[in-house]
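**Q** Please find one structure pasted underneath; my questions will follow.
Chains as they are written, first to last, in our numbering: chain A, 581 to 765; chain B, 3 to 509.
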C-alpha cells in the first residue's frame, strides 16, 4: 500500500498549507479575543482572557509547524530499533495515511453530492423520502451495488430508522405523515 | 464493607430493570457491530452513537453508552484477530498473535480466549472500580483553585495522546479548547465567536463535532481508501480446552494487573498497557519463540490488559471528573448532556447513576461473554457485508443522530464541517484524541480559572495559594519535563540513525 512516505513533497506542501490556514484562523481568533477584553473594569478576568491564553500559543504552534513540521521522520523507522518488525509495521498501520486515488476521490465526491441532496430535501420531503434517496444514491454510486441488493438494503435501513425513531420518541421531519404507516403519529 | 454492598445493591437495582437491561444489551450489540467496522475504535463507535444520550433517560443513556464502549472494544478484537486491522493502538498487540492464530486456522480459539480473558479482567477490574468512591470522598473538598490545578494537569497529560508530533497534538488540543469557548460568556453573558449566528449562542453542538472528527472522518478515510478489507475464511472451533485455559490464566491475571494500573493514569496511552502485557508474557514464557507465531498467551495478556484498562479508566472520570482518554471524554459529554456532573459529587448527588454505571459494567461483562462466544459467527458474518453498504447505513444513521440534537439541520451541518476538518487534519498527521478531550475539559478549565481569579480580584498569584493545586502544578512540570526528555532522546536516536544511514549510503 502506498503511504505518504512515498509522496513526501505533496505531503509537505499540504502540511504547510494546513499549518498556514490554521495560523490565519488562530491569528483572527486571537484578534477577536483581544477585542472582547482581557480584564473587566473591576480587574476581574474578561471574556477574552481565556481565549487569548489559548489562541496565543496556537499561533506560536502553527508557526512552529510551518517551520519544523516537515522534519518529521516516518514512524516505522523510529521504532524499528525498539520493537520487532511486525509490531512496528502494525503500529505504523494505525498512523498510515492511505493514498486516495482518483476512484477514491470520486467516491468521496459522490458522498458530498448525495449529502448536499440530503441537506436540500431532509426537511422539505421528510426523513423517509430524503434518506431513501440518500442511501440508494450512495449505494449505487460508491459501491456499485446491484439494484437487487441496494433497494432491499435501503428499505431495510429506512424501516429500522423509522421504527427506531418512533419507539425512542425522536421527532424527525415528516411533512407527508408517512410515519403513520409505521404506527407513528 | 456493608456500605459498599448496599451501594452495589443500589446500582444493581437501578440497572436490573427490564428497560435498562434491554438498553445494556442493545448497547453491547451496537458496540460490537460498530467495533467490527474495519478501522473503527471505541472512541469512534461511542462518538457515533452518542446521540442516544439525547433521547434516552439519564440512567439508560449512560449505561447504554458504557456498554457501547465495552462492546466496541470486543468488536475491535474481531477485526484485529481476523483481518489484522486494529481499530485503535491498544489492539495492535492483539493483532500480532491473534492474526497468526487466524492464519493457523485457530481464529475461533483466539476470539474465545479474548472473550474469556476480557470477562475475567473485567470482573476483577469492576471490583477495583468500587474504590473510586473513596477517591471521590477525598476530592469532594476541592476548591476552584484545586479544580483548576487538576484540570490543567489533565490537560497537560494530553501530551501523552499527542502521538508522534507534539506540535500537532498541541494544536489539536488548542483547537478543542477553542471549540468549547464558542457561545455566550459564562460571566458577562455576551456572545463570543458566534459570528452573529443565533444557533451558536448555546455553543457548538459538541456531540456533532465529536461524531464528525471521529466517526465521519474515519468513514471518509475508509471510503476514499483503496483497501476495503473483508473476511471470507473459516474461524474454526470456538471451544477452549482445559489446557488452553490453564496456559492462559496466568497471562490473563498479569494482563489485568497491568491494564488496571495503566488505566489509573490519565493520559497514559492505552497501547502502552497492551504492549507492556505482551512484553511481560513474552519474557515470562518458557517458549518465547512461539510469540508472533500464534501463542495463545500473546492474545490473552494484551486483551485482558485492554479490558481492565477500559474499566479502570472510569476511576479518574468518576472520582475526579477528569476524562483519561478520548472515549472517556465522550462519556463525560454524555453525562453533561443529561445534566450530570461526573466527579466527587456524583456519588453523593446521583448515587443510582454512579453505582448503576459500575453495576452496568459488571453486567456488560456477562452480556458480552454470552453474546460473544455463542454468537461469534454472527459478528464475523458482518465482515462479509460489503463495507460500502455498512458505510452508507452508518452515514444515514449519523445524519439522523446529528439532527436529533436540536431538531434542525444546523447540527448536521456542524457534523459535516467537523468531519471534513477532522478528515483533512488527520491526513496531515494531526491526532484527534487531544481535541476530543479538550472540547470537554475546556469549559471546566475556563470556569475554574475565572472563578479562582474572580474571587481573588484578578490576582494571578492566588492561583498558587492552594497546596493541592501546587502539587498538581508540580506534577505538570514533571510530565512536561519527562515528555521533553523523551522527545530529545528520540530525536537524537533519529539523528544518529540518519547519520549512520548516510555513512552506509556513501559507502
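We treat Cβ as the ideally placed atom computed from N, Cα and C, and that holds for glycine.
All values reported here derive from a predicted model rather than from experimental measurement.
#1: Please report the distance separating the alpha-carbon of residue 725 (chain A) from that of residue 320 (chain B).
#2: Please list the residues of the segment 687–721 of chain A that have a C-beta atom closer than 8 Å to any C-beta atom in chain B, keeping them in chain order.
#3: Where does residue 323 (chain B) land, buried or exposed, given buried means 16+ other C-beta within 10 angstroms?
#4: Excluding the five sequence neighbours on either side, which residues of its own chain have a C-beta within less than 6 Å of the C-beta of residue 330 (chain B), listed in chain order?
#5: Nearest to residue 402 (chain B) by CA position, among B:106, B:148, B:209, is which residue?
#6: Which residues in the same chain as residue 606 (chain A) place their Cβ atom closer than 8 Å to its Cβ, once the five residues preceding and following it in sequence are excluded?
#7: Cβ closer than 8 Å: which chain B residues qualify as neighbours of residue 742 (chain A)?
#8: Between which two residues does the alpha helix (DSSP H) holding residue 44 (chain B) run?
#9: Looking only at its chain, what residues have a beta carbon closer than 6 Å to the beta carbon of residue 278 (chain B), apart from the 5 residues adjacent to it on each side?
#10: I want to see whether chain A comes within less than 7 Å of residue 108 (chain B), judged by CB atoms only; does it?
#11: DSSP three-state call for residue 627 (chain A): helix, strand or coil?
#12: At which residues does the alpha helix (DSSP H) containing residue 755 (chain A) begin and terminate?
#13: In whole angstroms, what is the alpha-carbon distance linking residue 494 (chain B) and residue 76 (chain B)?
#14: Ignoring anything shorter than 4 residues, give me the alpha helix (DSSP H) runs that lie fully in the segment 250–331 of chain B, in order along the chain.
#15: Any idea what DSSP makes of residue 430 (chain B), helix, strand or coil?
#16: Would residue 593 (chain A) count as contacting chain B if we go by Cβ distances under 7 Å?
#17: Going by CA-CA distance only, name the one from B:137, B:13, B:44, B:43 that's closest to residue 345 (chain B).
#18: Is the beta carbon of residue 207 (chain B) less than 7 Å from the beta carbon of residue 416 (chain B)?
#19: Taking CB distances under 7 Å as the criterion, tell me whether residue 186 (chain B) reaches chain A.
#20: Excluding sequence positions up to five away, which residues of its chain have a Cβ less than 7 Å from the Cβ of residue 663 (chain A)?
#21: Please report the straight-line C-alpha distance between residue 199 (chain B) and residue 193 (chain B), rounded to a whole angstrom.
#22: Given residue 715 (chain A), which residues of its chain have a CB within under 7 Å of its CB, disregarding the five upstream and five downstream residues?
#23: By the DSSP assignment, the alpha helix (DSSP H) with residue 449 (chain B) in it spans what residues?
#24: Under the assumption that residue 339 (chain B) contacts residue 306 (chain B) (Cβ atoms under 8 Å), give the Cβ distance between them as a whole number of angstroms.
#25: Taking the alpha helix (DSSP H) that residue 346 (chain B) belongs to, which residues open and close that run?
#26: 7 Å is my cut-off, CB to CB: does residue 446 (chain B) come that close to chain A?
#27: Please state the DSSP three-state secondary structure of residue 583 (chain A).
#28: Going straight from the alpha carbon of residue 766 (chain A) to that of residue 689 (chain A), what length do you get?
#29: Within a Cβ cutoff of 6 Å, which residues of the same chain sit near residue 121 (chain B), ignoring the five residues on either side of it in sequence?
#30: Could you give the DSSP three-state label for residue 745 (chain A): helix, strand or coil?
#31: Within 10 Å of its beta-carbon, does residue 700 (chain A) have 16 or more other beta-carbons around it, so buried, or fewer, so exposed?
#32: Is it the case that the Cβ atoms of residue 303 (chain B) and residue 280 (chain B) are separated by a distance below 7 Å?
#33: Is residue 381 (chain B) buried or exposed, if buried means 16 or more other CB atoms sit within 10 Å of its CB?
#34: Report buried or exposed for residue 661 (chain A), applying the criterion of at least 16 other Cβ atoms within 10 angstroms of its Cβ.
#35: Short of 7 Å Cβ to Cβ, which residues in the segment 595–613 of chain A face chain B?
#36: What is the DSSP secondary structure of residue 353 (chain B), reduced to helix, strand or coil?
**A** Reading it off the structure:
#1: Counting from 1 along the first chain, the entry for residue 725 (chain A) is found at position 145. Counting from 1 along the second chain, the entry for residue 320 (chain B) is found at position 318. Rounded to whole angstroms, the separation of the alpha carbons of residue 320 (chain B) and residue 725 (chain A) is 46 Å.
#2: 687, 688, 691, 695, 698, 699, 702, 703, 707, 711, 714, 715, 718, 719: these are the residues of the segment 687–721 of chain A whose beta carbon lies less than 8 Å from some beta carbon of chain B, given in chain order.
#3: Looking up residue 323 (chain B) in the second chain gives position 321. Flag for residue 323 (chain B) reads buried.
#4: Numbered from 1 along the second chain, position 328 holds the residue referred to as residue 330 (chain B). Take residue 330 (chain B), set aside five residues on each side of it, and the residues of its chain with a beta-carbon closer than 6 Å to its own are 315, 319, in chain order.
#5: Start at 1 with the first residue of the second chain, and residue 402 (chain B) comes out as number 400. If we check each option's Cα against that of residue 402 (chain B), B:209 comes out closest.
#6: Sequence index remark: in the first chain, residue 606 (chain A) carries index 26 (1-based). Spatial neighbours of residue 606 (chain A) in its own chain (CB-CB distance under 8 Å, excluding positions within 5 residues in sequence) are listed in chain order as 635, 638, 639, 642.
#7: For the purposes of this step, residue 742 (chain A) is taken as the residue at position 162 of the first chain. Near residue 742 (chain A) there are no residues of chain B at all, since even the closest Cβ is about 10 Å away, more than 8 Å.
#8: Stepping through the second chain from its first residue, residue 44 (chain B) is reached at position 42. Counting along the chain, residue 44 (chain B) sits inside the alpha helix (DSSP H) bounded by residues 44–50.
#9: Walking along the second chain from the start, residue 278 (chain B) turns up at place 276. Contacts found: 260.
#10: Position 106 of the second chain, counted from the start, is the residue given in the question as residue 108 (chain B). Output row for residue 108 (chain B): interface = no.
#11: Against the first chain, residue 627 (chain A) aligns to sequence position 47. Correct three-state label for residue 627 (chain A): coil.
#12: In the first chain, the residue the question calls residue 755 (chain A) occupies position 175. Segment: none, residue 755 (chain A) is in no alpha helix (DSSP H) and carries neither H nor E.
#13: Here the question's residue 494 (chain B) lines up with position 492 in the second chain. Here the question's residue 76 (chain B) lines up with position 74 in the second chain. C-alpha of residue 494 (chain B) to C-alpha of residue 76 (chain B): approximately 39 Å in a straight line.
#14: If we require 4 residues or more, the alpha helix (DSSP H) runs fully inside the segment 250–331 of chain B come out as 272–286, 299–314, 316–322.
#15: If you number the second chain from 1, residue 430 (chain B) lands on position 428. For residue 430 (chain B), the secondary structure class from DSSP, reduced to helix, strand or coil, is coil.
#16: The count along the first chain starts at 1 and reaches residue 593 (chain A) at position 13. It does not; no Cβ of chain B falls within 7 Å.
#17: Position 343 of the second chain, counting from 1, holds the residue named residue 345 (chain B). For residue 345 (chain B), the nearest C-alpha among the options comes from B:137.
#18: On the second chain, residue 207 (chain B) is found 205 positions in, with the first residue counted as 1. On the second chain, residue 416 (chain B) is found 414 positions in, with the first residue counted as 1. Yes; because the gap between Cβ atoms is below 7 Å, this pair is in contact.
#19: The sequence position of residue 186 (chain B) within the second chain is 184, counting from 1. No, no contact with chain A.
#20: Counting from one through the first chain, the residue named residue 663 (chain A) turns up at place 83. Low per-residue confidence applies at residue 663 (chain A): pLDDT is 49, beneath 50, and the placement is therefore not dependable enough to give any value.
#21: The residue you call residue 199 (chain B) lines up with position 197 of the second chain. The residue you call residue 193 (chain B) lines up with position 191 of the second chain. For residue 199 (chain B) and residue 193 (chain B), the distance between alpha carbons rounds to 10 Å.
#22: In the first chain, the residue the question calls residue 715 (chain A) occupies position 135. Closer than 7 Å at Cβ, skipping near neighbours: 734, 737.
#23: Counting from one through the second chain, the residue named residue 449 (chain B) turns up at place 447. Annotation: the continuous alpha helix (DSSP H) that includes residue 449 (chain B) extends over 435–457.
#24: Here residue 339 (chain B) corresponds to residue number 337 of the second chain, with the count starting at 1. Here residue 306 (chain B) corresponds to residue number 304 of the second chain, with the count starting at 1. The beta carbons of residue 339 (chain B) and residue 306 (chain B) sit about 32 Å from each other, so the pair does not count as a contact at 8 Å.
#25: Numbered from its first residue, the second chain carries residue 346 (chain B) at position 344. Note, residue 346 (chain B): premise wrong, no alpha helix (DSSP H); not H, not E.
#26: Locating residue 446 (chain B) in the second chain gives position 444, counting from the first residue. Taking Cβ atoms only, chain A never reaches closer than 7 Å to residue 446 (chain B), which makes this a no.
#27: The residue given as residue 583 (chain A) occupies position 3 in the first chain. Caution applies to residue 583 (chain A), whose pLDDT of 45 falls short of 50 and renders its modelled position unreliable; the value that the coordinates give is listed next. In the structure shown, residue 583 (chain A) sits in coil (DSSP, three-state: anything other than H, G, I, E or B).
#28: In the structure as shown, chain A starts at 581 and stops at 765, and residue 766 (chain A) therefore has no counterpart that could be examined.
#29: Start at 1 with the first residue of the second chain, and residue 121 (chain B) comes out as number 119. Excluding sequence neighbours, residue 121 (chain B) sits near 367, 371.
#30: As a first step, residue 745 (chain A) must be located in the first chain, where it is residue number 165. If DSSP states are grouped into helix, strand and coil, residue 745 (chain A) belongs with the helices.
#31: By one-based count along the first chain, residue 700 (chain A) stands at place 120. The residue is exposed, with fewer than 16 neighbouring Cβ atoms inside 10 Å.
#32: Locating residue 303 (chain B) in the second chain gives position 301, where the first residue counts as 1. Locating residue 280 (chain B) in the second chain gives position 278, where the first residue counts as 1. Closer than 7 Å, so yes.
#33: Within the second chain, numbered from 1, the residue matching residue 381 (chain B) stands at position 379. Buried, by the Cβ-count rule.
#34: Here residue 661 (chain A) refers to the residue found at position 81 when the first chain is read from its first residue. Note that residue 661 (chain A) has pLDDT 44, beneath the 50 cutoff, so the model's placement of it is unreliable and the number below is only indicative. When all chains shown are included, residue 661 (chain A) counts as exposed.
#35: Cβ contacts with chain B come from 595, 598, 602, 609, 612.
#36: Residue numbering aside, residue 353 (chain B) sits at position 351 when the second chain is read from its first letter. In the structure shown, residue 353 (chain B) sits in a helix (DSSP, three-state: H, G or I).
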